[in-house]
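In the numbering used here, the protein residues as written are 51 to 179.
Remarks on the structure that follows.
Here is the structure:
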């Protein structure tokens, strides 16, 4: 069995991004790299790393899936899509509207550097609640 060990996020200002990820996403900051070149976080419910890496200029965090949509490279999941959407909005995070995508529903949000992330829920699991 394998699983993803870490997801790496390019950021311009590690110190500001540390505070953003702690405050907005409520991730657990577990360490900063020497000379503020990166920082590691855990999701509070899992021992899954999300790692910030200092870069000099914005790096692409999305790709063109079709001419109308830039797709983020990965999605987060949640048990309550509407509640999490509202929570991020209340924290001042730039979020898109919730959309239906067939078997899933979801929305996108952006961090300080404009990195795009998706948040999704499997509609079958969600509707069974």
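Here a beta-carbon is modelled for each residue, glycine too, at the ideal position from N, C-alpha and C.
These figures come from a predicted structure and were not determined experimentally.
Indicate the three-state DSSP secondary structure (helix, strand or coil) for residue 77 in the structure shown.
For residue 77, the secondary structure class from DSSP, reduced to helix, strand or coil, is coil.
Please report how far the alpha carbon of residue 104 lies from the alpha carbon of residue 61, in whole angstroms.
Taking the straight line from one Cα to the other gives about 5 Å.
May I ask which residues mark the beginning and end of the alpha helix (DSSP H) holding residue 136?
Unbroken alpha helix (DSSP H) run through residue 136: 131-140.
Are the beta-carbon atoms belonging to residue 158 and residue 117 less than 8 Å from one another?
No. Outside cutoff.
Start and end residues, beta strand (DSSP E) containing residue 170
Per DSSP, residue 170 belongs to the beta strand (DSSP E) from 166-172.
Is residue 84 helix, strand or coil by DSSP?
The DSSP-derived three-state label of residue 84 is helix.
Return the residue from the list 174, 96, 138 that minimises the CA-CA distance to residue 53.
Proximity to residue 53 across 174, 96, 138 peaks at 96, based on C-alpha coordinates.
Rounded to a whole number of angstroms, what is the C-alpha to C-alpha distance between residue 69 and residue 172?
Cα-Cα distance, rounded: 30 Å.
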